[in-house]
Amino acid sequence: MSNIINAIYNLVTDFENNFNRENHGLNRANQMGEALEEWVKDLFANTLHTQNEQQRLARLSETFSYLGNQNNPPDMILKNGDAIEVKKVIGKDATLALNSSYPKDKLLASSPLLTQECRNCEPNWREKDIIYVVGVVPKNQPLQSLCMVYGVDYAANHMIYERIRHTIVTGIQQIPDVEFTETNELAKVKKIDPLGITDLRVRGMWSIANPFKVFNYLYQRDFERPFNLMCLINLEKYQSFNNTEDIEQLVGQVPDFSIADVMIKNPNNPAQLKPAKLITFKR
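With my numbering, the residue at position 85 of the sequence shown is 709, and numbering never jumps.
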């Protein structure tokens, strides 16, 4: 069963920050988001150098229980493991656009934004930890920075966001003389004009600060180097893995790779701190 430790190991021991799957047609600048996502799949599935597409697909099927689409979260789910959401930005501290989906501390099977295929990808699952994988990919350049951080260490409890969303939806629905229809968005207004031929969709456009900016009290990138990795894993999650020795043995063997004990802010109450592992690498 693959996990974030496997991905870190594969990245550090077999480093390559160019997306070179030409058979996917993903080298064009306008497709770098898709290329980053395919590269992340390869990190977790250990298929970075698998050129035979049938073999790669078979390995992806063994690694993931769900591979999503651009319109519904998440991007992928590891079999009996964590969900993964991949975000590409161009600027080094650019804000992450989440569109209609607010930030997630956990992936909940009850979320209306999930597809039925996602809910049924594993028997009776109710919630999963979610990893945000954020890549900084400037135009026409290779990947410069990568961050992996768990939602529980990055975003507040989903009820914080849901309360705001519910308040807005309730307020909109109290507008008199407007015909609403059921929707997963904030609102959908039907038949606005006298002919009844115009509709209005009211959408939420959520965004969240770049994790490199959020956690700058712990880590700063070395922009003199072509690539920087930051990975944050809270201690409870880190200790739940049975393969952490795989990366711990790389400390002192792989240049510029380190694992440090740190204290991070609780997203629900920044006055509280919790222990975590800060894993960094640069080339």
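For glycine and all other residues, C-beta sits at the position ideal for the given N, C-alpha and C.
Item: At least 3 beta-carbon pairs within less than 8 Å: the segment 871-891 vs the segment 808-828; Value: no
Item: Separation of E860 from F851, as counted between CA atoms; Value: 28 Å
Item: Minimum C-alpha distance to T739 - residue among P747, I708, N704, N696; Value: N696
Item: Reference A718, options D638, K901, S831, closest by Cα; Value: S831
Item: Simplified DSSP state of R825, which is helix, strand or coil; Value: strand
Item: Test item: CB-CB of N892 and L720 under 8 Å; Value: no
Item: Contained beta strand (DSSP E) runs [length at least 3] in the segment 732-770, N- to C-terminal order; Value: 751-760
Item: The segment 765-774 contacting the segment 783-794, beta-carbon criterion three pairs below 8 Å; Value: no
Item: Paired residues, beta bridge with P899 - DSSP; Value: M887
Item: Alpha-carbon to alpha-carbon, N693 and D666; Value: 17 Å
Item: Residue from L853, C745, K716 with nearest C-alpha to E686; Value: C745
Item: Exposed unless 16 or more other CB atoms sit within 10 angstroms - verdict on H782; Value: buried
Item: Where P698 sits in the DSSP three-state scheme; Value: strand
Item: Whole-angstrom distance between E709 and I754, CA atom to CA atom; Value: 7 Å
Item: Closest by C-alpha distance to K906, when choosing among E848, I888, T671, Y862; Value: E848
Item: Three-state secondary structure (DSSP) of Y633; Value: helix
Item: Pair within 8 Å by beta-carbon distance, A780 and D729; Value: yes
Item: 8 Å Cβ cutoff met for F881 and V636; Value: yes
Item: Option in A682, N723, T674 with minimal Cα separation from N808; Value: N723
Item: Sequence-distant residues of its chain with Cβ nearer than 8 Å to L684 (five each side left out); Value: K665, A669, T671, L691
Item: C-alpha distance - P899 paired with Q863, whole-angstrom precision; Value: 11 Å
Item: L691, DSSP secondary structure in three states; Value: strand
Item: G828 versus Q798, I788, I888, residue with shortest Cα-Cα distance; Value: I788
Item: Per DSSP, cross-strand counterpart(s) of W830; Value: N723
Item: Same chain only: Cβ atoms within 6 Å of L732, ignoring 5 sequence neighbours per side; Value: E751
Item: Cutoff 8 Å; reference N704; Cβ partners in own chain excluding five residues on either side; Value: M625, S689, E746
Item: DSSP three-state assignment for L650, whether helix, strand or coil; Value: Note on L650: pLDDT 40, under 50, position unreliable in the model; the coordinate value appears next. Coil, per DSSP.
Item: Selected residue, minimal CA-CA separation from L856, among G820, V758, G876, A659; Value: V758
Item: Complete alpha helix (DSSP H) runs within the segment 768-793 (minimum length 4 residues, chain order); Value: 775-778
Item: Straight-line gap, L650 to N642 (C-alpha atoms, nearest Å); Value: Unreliable placement is indicated for L650, whose pLDDT of 40 sits below 50; the coordinate value is still reported in the next sentence. Roughly 11 Å between the two C-alpha positions.
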